[in-house]
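*Asks:*
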Amino acid sequence: MQSNSHTLVDETEQAVSHVSLRGWGLSGKQGDVFSGLDLDVPRGSVAIIQGAAGSGKTSLLLSIAGRMRVTSGEGHVGELDIRKQPRLVREQVTVGHIAGLTDLENDFTLAQHIAERLIMLQPWYKPWVSKSSLREVIDVIRETFASATGVIDRLPEGNFSTSDAKDADFLIDDEGKAFVSELTELQKFLLELGLASLAQAPVVVLDNIDYLREREDRARAWAAILIYQELRRKRDPEHPLTVIASCEDSSDVDLVLDALSTEVSPTSVSTLQLTQHPRH
1 MQSNSHTLVD ETEQAVSHVS LRGWGLSGKQ GDVFSGLDLD VPRGSVAIIQ GAAGSGKTSL
61 LLSIAGRMRV TSGEGHVGEL DIRKQPRLVR EQVTVGHIAG LTDLENDFTL AQHIAERLIM
121 LQPWYKPWVS KSSLREVIDV IRETFASATG VIDRLPEGNF STSDAKDADF LIDDEGKAFV
181 SELTELQKFL LELGLASLAQ APVVVLDNID YLREREDRAR AWAAILIYQE LRRKRDPEHP
241 LTVIASCEDS SDVDLVLDAL STEVSPTSVS TLQLTQHPRH
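Following this line, the structure appears as structure tokens:
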């Protein structure tokens with residue numbers, strides 16, 4: 001059985017749902033992956049899909065992004081029908097991290113990854129990017145990571161060691177010459193988020209933040225997500241970013257929200273709890 005609980009971060013009235021699911025279900029040869037899901041995600045909010053491994057979190061995110069067909073229910077991203085207009089939905093929902101889909105190439109530099117993504121987003125007749133464009137993107141990623149690292153210093157004593165923030169320098173030089181193989185898992189996660197954000201899509205999905213094994217890294221990841229969302233809101237208040245992310249344990253989110261309470265203001269934060277269906 002699935003439940004949906006909401007925790008408001010501010011007192012403002014919630015916006016019209018940006019993502020809406022009713023009776024959303026996916027079945028396969030071995031039974032239901034998930035079924036009967038109802039979800040409303042207001043514009044500019046954070047929705048957390050929580051559940052154990054095998055509960056269908058990844059499949060749910062892929063279905064919201066128009067990348068996996070469901071077998072029942074109705075779903076919309078804005079005015080778009082997810083089941084009938086998956087191609088258009090994919091333009092509105094970008095994938096920040098899903099293992100096997102957003103994996104980075106270890107023998108590419110950060111600059112090469114960023115340039116490749118920028119070229120994909122440009123007209124076909126412009127197969128190049130300027131150094132200034134690369135630096136601009138790199139600076140945003142670094143700024144986000146530095147801000148997220150600063151959050152660790154403000155968390156209640158006893159949650160993390162005093163050396164955590166000092167060890168969190170982001171291995172990116174001004175021209176992005178570092179190779180992906182030199183990055184930590186957290187740095188790769190932030191790079192994936194940065195690459196996904198280049199398309200400026202109104203919704204981003206991020207899967208399995210628990211793959212970051214260290215608790216301080218998970219906290220930094222949540223902080224980076226919230227900080228980046230706030231940066232988008234300040235830059236373009238009419239088109240805030242909606243975030244849908246999955247994890248097994250959301251307690252780190254609560255810590256980060258408390259630490260950032262005066263700095264970030266998502267429309268709301270909600271949790272959809274998934275339970276694993278028995279397989280036949």
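Its first residue numbered 1, the sequence shown is counted upward by one per residue in full-length UniProt numbering.
Even for Gly, the Cβ is constructed at its ideal location relative to N, Cα and C.
In its own chain, which residues sit with a C-beta less than 8 angstroms from the C-beta of serine 59, not counting the 5 before and 5 after it?
*Replies:* So the list reads Leu26, Val33, Phe34 and Met68, once near-sequence residues are dropped.
*Asks:* Where in the region 41-76 do unbroken runs of the beta strand (DSSP E), each at least 3 residues long, occur, reported from the N-terminal end onward?
*Replies:* Runs of the beta strand (DSSP E) inside the region 41-76: 46-50.
*Asks:* Do threonine 242 and serine 45 have their beta-carbon atoms positioned less than 9 angstroms apart in this structure?
*Replies:* In this structure, threonine 242 lies closer than 9 angstroms to serine 45 by Cβ.
*Asks:* Let me know if residue 290 comes out buried or exposed under the rule of 16 or more other beta-carbons within 10 Å of its beta-carbon.
*Replies:* The displayed coordinates of the chain run from 1 to 280. Any statement about residue 290 would go beyond what the structure contains.
*Asks:* By how many angstroms is the C-alpha of threonine 109 removed from the C-alpha of aspartate 139?
*Replies:* Computed Cα separation, rounded: 15 angstroms.
*Asks:* Tell me which residues share the same chain as threonine 71 and place their Cβ nearer than 7 angstroms to its Cβ, disregarding the 5 neighbours each side in the sequence.
*Replies:* Excluding positions up to five away in sequence, the list reads Gly25, Leu26 and Ser27.
*Asks:* Can you look up isoleucine 227 in the DSSP assignment and give me helix, strand or coil?
*Replies:* If DSSP states are grouped into helix, strand and coil, isoleucine 227 belongs with the helices.
*Asks:* Going by CA-CA distance only, name the one from Asn106, Ala201, Leu80 and Pro42 that's closest to serine 268.
*Replies:* Considering only alpha carbons, the answer is Pro42.
*Asks:* For aspartate 38, which three-state DSSP category applies?
*Replies:* Here aspartate 38 sits in strand by DSSP.
*Asks:* If we ignore side chains and look at the alpha-carbon of each, how far apart do glutamate 185 and aspartate 210 end up?
*Replies:* Their Cα atoms are separated by approximately 11 angstroms.
*Asks:* Excluding sequence positions up to five away, which residues of its chain have a Cβ less than 6 angstroms from the Cβ of histidine 18?
*Replies:* If we look at histidine 18 and ignore the five residues flanking it on each side, its Cβ neighbours are Val41, Arg43 and Thr242.
*Asks:* Check each candidate in Ala201, Glu216, Ala178 and Lys84 and name the one with the smallest Cα separation from arginine 233.
*Replies:* If we check each option's Cα against that of arginine 233, Ala201 comes out closest.
*Asks:* For tryptophan 24, which residues does DSSP report across the bridge?
*Replies:* Tryptophan 24 pairs with Leu37.
*Asks:* How far does the beta strand (DSSP E) with serine 270 in it reach, from first residue to last?
*Replies:* Looking at the DSSP string, the run of the beta strand (DSSP E) that includes serine 270 is 269-273.
*Asks:* Among residues of its own chain, excluding the 5 on either side of leucine 80, which ones have a beta-carbon nearer than 7 angstroms to its beta-carbon?
*Replies:* Excluding positions up to five away in sequence, the list reads Leu88, Val89 and Gln92.
*Asks:* Using the Cβ count rule (16 or more neighbours within 10 Å means buried), how would you classify lysine 177?
*Replies:* The residue in question, lysine 177, is exposed, as its Cβ has fewer than 16 Cβ neighbours within 10 Å.
*Asks:* Flag this pair as yes or no: are the beta carbons of glycine 96 and leucine 206 separated by less than 9 angstroms?
*Replies:* Contact: yes.
*Asks:* Where does phenylalanine 179 fall in DSSP's three states?
*Replies:* In the structure shown, phenylalanine 179 sits in a strand (DSSP, three-state: E or B).
*Asks:* For valine 253, name the three-state secondary structure that DSSP assigns.
*Replies:* Helix.
*Asks:* Quick one: grab the DSSP three-state call for leucine 212.
*Replies:* DSSP places leucine 212 in coil when its eight states are reduced to three.
*Asks:* With 16 as the cutoff for other CB atoms within 10 Å, does threonine 94 come out buried or exposed?
*Replies:* By the 10 Å Cβ count, threonine 94 comes out buried.
*Asks:* Between the alpha carbons of glycine 31 and glycine 73, how many angstroms are there, rounded?
*Replies:* Their Cα atoms are separated by approximately 16 angstroms.
*Asks:* Do leucine 195 and arginine 117 count as a contact pair if the criterion is CB distance below 9 angstroms?
*Replies:* Against a cut-off of 9 angstroms, the Cβ pair of leucine 195 and arginine 117 comes out as a contact.
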